Structure formats: C-alpha cells, structure tokens
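Quick note on this note's numbering: the sequence shown kicks off at 546 and runs consecutively. Idealized CB from N, CA, C, for every residue including glycine. From a predicted model like this one, the values you see are computed outputs, not experimental measurements.
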Amino acid sequence: MANALRHRGQSATGVACYNVKGGVIRIEKGRGGVDTAFDGTDKLDEMDGEFWMAHTRYPTAGANTKANQQPQWSGFGSGRFVVAANGDFNQQAQREFLASQDITMDTDNDAEVLAATLGYHVVNRGHNMVEAIQHTMEHVPGAFSTMAMFGNKRYPYFYAFRDPNGIRPLIYAKITDFRGRYHLFASETCAIYAAYAFMRSQPNSNGLEIETMRWVEPGEIIEVAGDGSVKSFFYH
Numbered sequence: 546m547a548n549a550l551r552h553r554g555q556s557a558t559g560v561a562c563y564n565v566k567g568g569v570i571r572i573e574k575g576r577g578g579v580d581t582a583f584d585g586t587d588k589l590d591e592m593d594g595e596f597w598m599a600h601t602r603y604p605t606a607g608a609n610t611k612a613n614q615q616p617q618w619s620g621f622g623s624g625r626f627v628v629a630a631n632g633d634f635n636q637q638a639q640r641e642f643l644a645s646q647d648i649t650m651d652t653d654n655d656a657e658v659l660a661a662t663l664g665y666h667v668v669n670r671g672h673n674m675v676e677a678i679q680h681t682m683e684h685v686p687g688a689f690s691t692m693a694m695f696g697n698k699r700y701p702y703f704y705a706f707r708d709p710n711g712i713r714p715l716i717y718a719k720i721t722d723f724r725g726r727y728h729l730f731a732s733e734t735c736a737i738y739a740a741y742a743f744m745r746s747q748p749n750s751n752g753l754e755i756e757t758m759r760w761v762e763p764g765e766i767i768e769v770a771g772d773g774s775v776k777s778f779f780y781h
C-alpha cells in the first residue's frame, strides 16, 4: 500500500506494526521514498504483526530528521500508541497548552502534537481512546486524517479518524475471504486496489473480494478491535 502512495511523500518512509502475541509495537523509519528508505536492510522482513501502519512524509512542519519522521509514538501507564497523520494545523497554541500541563515533546512534528494530546486526555483526564480523539478534534482545529494504533495489556485497538471538516482524505475498505476480514485505511483508493491486487496474487486467494470501500466521514472515528470487531463513532 505504501508503495502505491509513494507520490505523496519522498522525504521519509516509516512503518509500524503491533504483534499481538508478543505485545510489542515496533517502528522502523528511513529517509527517502518507499523504494529507497530501507534499501540494504532486513528491517521490514523482520517485522511481524497483525496491525500495520505505514506513512510517506511530505513535510509541512519540522525538519527532515529521523526524529520528525512518522509514525510517532507515545507511551503511558496502561500501554502505548503510535500515530501517523496527514494534515496541517496550528501547532503553537496546542504546544503551549501541553507545556502548561508539563507535557514535553521531542520533535517539531505535528503528529507528535496529536499523540501528546491523545495521551493527555487518556492519562490526565481519564478518557477512553474514543473520547480522547473526540476531545482532540474539539481542541485542535485544522486538517488531519490520522491513524492511531493502541496496544494495552489485553489486546490492541486501531483507530482511523478524520477532522470534522473533512479537509484531508481518508478511505476505509474491508476485504474478505474464507480466512477472515482485512480492514484497510488509506489516503487514496489506489493504495486499496494495490493491496487487493497483491492479495489476489497470493496462493489460496479464491473468494477474495472488496466487500466495502467508502470515505471515512468528516468527524468520524473508526475503531478496529483486536477481536476483529469494528465500530464507528462521531465527533459530537
């Protein structure tokens, strides 16, 4: 999927995955496009997990350093989560608010601002992840389509959400076959079709079909739980 979106960003490429059995979130990042970021390494081959996230970076905030590459991660008491975002918003006011709460950040990346804001609402305010996303939508006006992969002690959750004005694109697809369901999110349909074509090229792909493909609605939050269940929530 990331290869199909390489035109969206050539500055850096990052991949994160969550291994449910091991309870480990792993992130790998590299400078350059999808074709070159991990040349000469086995990093991607060594990654194994059920939940995956990839990001190609076209920077609108922050220098082209490894620290500013996405996905960004944040940790707290009950687990940790990884965030990747396509967007642009006024960071300064939110950074000042987070600093007033003694929350520091290590990068100039807007994705870390989103990650820190989510963490603030979960840890400091006692919200669950959906509530944290809703409050983030309220207090961080701007354009963003975002994925957040959250792992706790029981099982992981994967969230995809779009700003209430729907400025940045985000697409959801469900692909099914005899083995189960696959939930995909991307900024463009070409990534969904590329993933589907790859899956069709694999052995035992009979019955594989795109059951659902639609826009994530403005202000919508889609939650994919570790047991495969899917729920939709909206910004209120």
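Beta-carbon separation (whole angstroms), residue i vs residue j, contact threshold 8 Å
| i | j | result |
| --- | --- | --- |
| His-684 | Glu-676 | That pair is no contact at about 12 Å. |
| Gly-696 | Arg-625 | 6 Å |
| Pro-763 | Pro-709 | 6 Å |
| Ile-678 | Phe-706 | 5 Å |
| Leu-729 | Ala-740 | 6 Å |
| Met-682 | Tyr-780 | 5 Å |
Identity of the residue in the options nearest residue i by Cα
| i | options | result |
| --- | --- | --- |
| Val-769 | Phe-743, Trp-618, Met-694, Leu-589 | Met-694 |
| Glu-573 | Asn-564, Pro-616, Gly-594, Glu-595 | Pro-616 |
| Gln-636 | Ser-645, Val-627, Asp-653, Ile-648 | Asp-653 |
| Arg-713 | Val-658, Ser-732, Arg-724, Val-627 | Ser-732 |
| Ala-638 | Asp-647, Val-658, Phe-778, Leu-729 | Val-658 |
| Asp-647 | Ala-656, Ala-661, Ala-599 | Ala-661 |
| His-600 | Val-627, Glu-591, Asp-587, Asp-590 | Val-627 |
| Ser-619 | Arg-571, Glu-591, Ile-766, Ser-645 | Arg-571 |
| Asn-669 | Phe-743, Ser-645, Ser-774, Val-775 | Ser-645 |
| Glu-595 | Arg-640, Val-565, Asp-587 | Val-565 |
| Ser-750 | Arg-726, Lys-588, Asp-722, Leu-643 | Asp-722 |
Range covered by the beta strand (DSSP E) that runs through residue i
| i | result |
| --- | --- |
| Ile-766 | 765-770 |
| Ile-712 | Neither: Ile-712 is in no beta strand (DSSP E) and is coded neither H nor E. |
| Lys-566 | Element bounds for Lys-566: n/a, residue is neither H nor E. |
| Glu-762 | Here Glu-762 belongs to no beta strand (DSSP E), and DSSP marks it neither H nor E. |
| Ser-777 | 775-779 |
DSSP beta-bridge partners of residue i
| i | result |
| --- | --- |
| Asn-631 | Ser-690 |
| Ala-599 | Val-560 |
| Ala-705 | Met-692, Ile-767 |
| Ser-619 | Phe-626 |
Residue span of the alpha helix (DSSP H) that contains residue i, given as start and end
| i | result |
| --- | --- |
| Glu-676 | 674-684 |
| Arg-670 | First-last for Arg-670: undefined, no H or E at that position. |
| Arg-724 | Here Arg-724 belongs to no alpha helix (DSSP H), and DSSP marks it neither H nor E. |
| Met-737 | Before going further, note that residue 737 is Ile rather than Met in the sequence given. Where Ile-737 is concerned, the enclosing alpha helix (DSSP H) stretches over 734-745. |
| Ser-645 | 636-645 |
| Asp-590 | 588-591 |
Task: Sufficient close CB pairs (3 or more, under 8 Å) joining the stretch 684-692 to the stretch 624-643 - done: yes
Open item on the list: If contact is defined by three or more beta carbon pairs under 8 Å, each pair taking one atom from either stretch, is the stretch 700-720 in contact with the stretch 759-776?
Closed with: yes
- [ ] Would you check if the stretch 745-765 and the stretch 715-733 touch, i.e. whether three or more CB-CB distances between them fall below 8 Å?
- [x] yes
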